[in-house]
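Contents: one structure, followed by commentary.
Residue numbers (my numbering): 23 to 256.
Listed below in structure tokens is the structure:
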């Protein structure tokens, strides 16, 4: 009942501070699988997707004041999808992966969006891990390899000297914690999406995998903010 009450409040047009507080409470509650059973419905998923700006045709990142709400809504969706098989099935029906790819592309070259990008990528990782149909959809319909590779490239601030050669800068400072976390989430999602890609058929796929290989080589030469984070990145 508490979760349902929180979602009823979130469905209304409330203040940002109220939305963030409600989402933080829901995120904590959504760690409990038993609590999720009665609230994992199409309507409630759509409420969270709307707060995460996943269902808009306008610029979802137009207002910086919305960013904390977007991040918390994405965190809630991560917990719910991880803990609920019903939510995993609803994600396919609601075309969640496509909306996440669109939001991820909107994050490109934007300031202050690292947290949004990181939890978008984490959600794509979870979907591609837990639902084989969504994994296939990402690979075949949504150009997931390209979208995720570009997200990884952006997180690592890759600079190119040739088509498949990344510029090496030995004096480059370590990645920030946010950049490292984004890169790690992109790598995890890429692993899932390319898991069945041992047989590359087209010229475009060949290009995409050579492009990705150059970025992965650069990743191995990159350091994170701590030794532990560097090890996790590699």
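Beta carbons are placed, not taken as given, at the ideal position from N, Cα and C, and that holds for glycine.
When you compare only the Cα positions, how much space is there between residue i and residue j?
i, j, result
"residue 106", "residue 162", "25 Å"
"residue 240", "residue 131", "20 Å"
"residue 75", "residue 125", "8 Å"
"residue 235", "residue 145", "24 Å"
"residue 242", "residue 194", "14 Å"
"residue 66", "residue 78", "17 Å"
"residue 135", "residue 96", "13 Å"
"residue 24", "residue 133", "36 Å"
"residue 188", "residue 61", "47 Å"
With DSSP run on the structure shown, which of helix, strand or coil describes residue i?
i, result
"residue 78", "coil"
"residue 184", "strand"
"residue 124", "helix"
"residue 163", "coil"
"residue 51", "helix"
"residue 63", "coil"
For residue i, which of the options has the nearest alpha-carbon?
i, options, result
"residue 49", "101, 56, 243, 76", "101"
"residue 244", "233, 185, 175, 218", "175"
"residue 208", "200, 31, 171", "171"
"residue 12", "34, 213, 115, 203", "Here the chain covers residues 23 to 256 and nothing more, so residue 12 does not appear."
"residue 141", "201, 80, 158", "201"
"residue 205", "129, 227, 177, 211", "177"
"residue 116", "231, 91, 69, 94", "69"
"residue 73", "29, 127, 184, 137", "29"
Segments of 4+ residues assigned as alpha helix (DSSP H) that fall wholly inside the region 165 to 253: 166 to 177, 199 to 215, 225 to 242
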